[in-house]
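Structure record follows, encoded as structure tokens.
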Amino acid sequence: MRQIAGWMLSGIVMAATWGDLRSGRIPNQLIVGGLLAGLLCQIVQYKAAGIVLFLGGSLLPLLLLGLLFYFRMLGAGDIKLFCVVGGFLGAMDLLRCMTWAAVFGAVWSAWILWKRHLWSERLGYFMHYTETYVKERRWKSYLDGVEKAGRICFSLPILASVLCYMGGWI
């Protein structure tokens with residue numbers, strides 16, 4: 103059953119990434135279907151305890167990443183996708199995937215900043231944003247004024263971490 107769940111999860115995350123790359127959004131129908139599939143897999147594998155594993159894994163991203171969404175540093179679709187991953191894997195393995203997704207995302211972001219010569223511009227924007235927030239204590243979306251060239255599609259690092267997890271590399 104575990105292999106079937108792994109294939110299902112991989113397919114769901116691939117479909118979500120494809121949708122995100124094409125339209126900049128992860129379809130909510132895919133998220134709902136992924137959550138239901140994760141719940142079903144957990145129940146089949148662990149019976150009633152699977153419900154607890156599912157809830158722990160699928161709710162953890164909301165707690166850990168909510169602040170990043172509040173400041174619009176991470177999209178809602180990415181957090182919901184992590185909820186799907188957590189529903190399949192449980193909290194502990196989700197944390198491993200989240201950590202590696204952050205590493206993959208950081209490496210990819212650094213490469214983009216280097217390739218497009220955006221290091222000083224992005225660092226200056228971050229410093230100005232932080233200074234303004236501390237001074238004014240007023241919420242403002244981090245992405246306001248950020249050009250598309252300075253953003254990444256974070257579902258790709260999520261996909262990379264899931265595939266590495268399923269392959270036994272992390």
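Residue 103 is where the sequence shown starts when you use this note's numbering, and the numbers rise one by one after that.
Where is the CB? At the ideal position from N, CA and C, for every residue including glycine.
**Item:** At least 3 beta-carbon pairs within less than 8 Å: the segment 148 to 155 vs the segment 212 to 220
**Value:** Proximity of the segment 148 to 155 to the segment 212 to 220 falls short of the contact definition, fewer than three beta-carbon pairs being nearer than 8 Å.
**Asked** Would the beta-carbon of tyrosine 148 fall within 8 Å of that of cysteine 199?
**Response** No.
**Prompt:** In or out: isoleucine 106 buried (at least 16 other Cβ within 10 Å) or exposed?
**Reply:** Isoleucine 106 sits exposed, since fewer than 16 C-beta atoms from the chains shown fall within 10 Å of its C-beta.
**Request:** In the DSSP assignment, find the alpha helix (DSSP H) that holds phenylalanine 173 and state where it starts and stops.
**Result:** Segment: none, phenylalanine 173 is in no alpha helix (DSSP H) and carries neither H nor E.
**Asked** So, using beta-carbon positions, are phenylalanine 256 and leucine 176 closer together than 8 Å?
**Response** Between phenylalanine 256 and leucine 176, the CB-CB gap stays under 8 Å.
**Item:** For proline 259, the three-state DSSP class (helix, strand or coil)
**Value:** The three-state reading of DSSP puts proline 259 in helix, counting H, G and I together.
**Item:** Between the CA atoms of valine 115 and isoleucine 260 - distance to the nearest angstrom
**Value:** For isoleucine 260 and valine 115, the distance between alpha carbons rounds to 8 Å.
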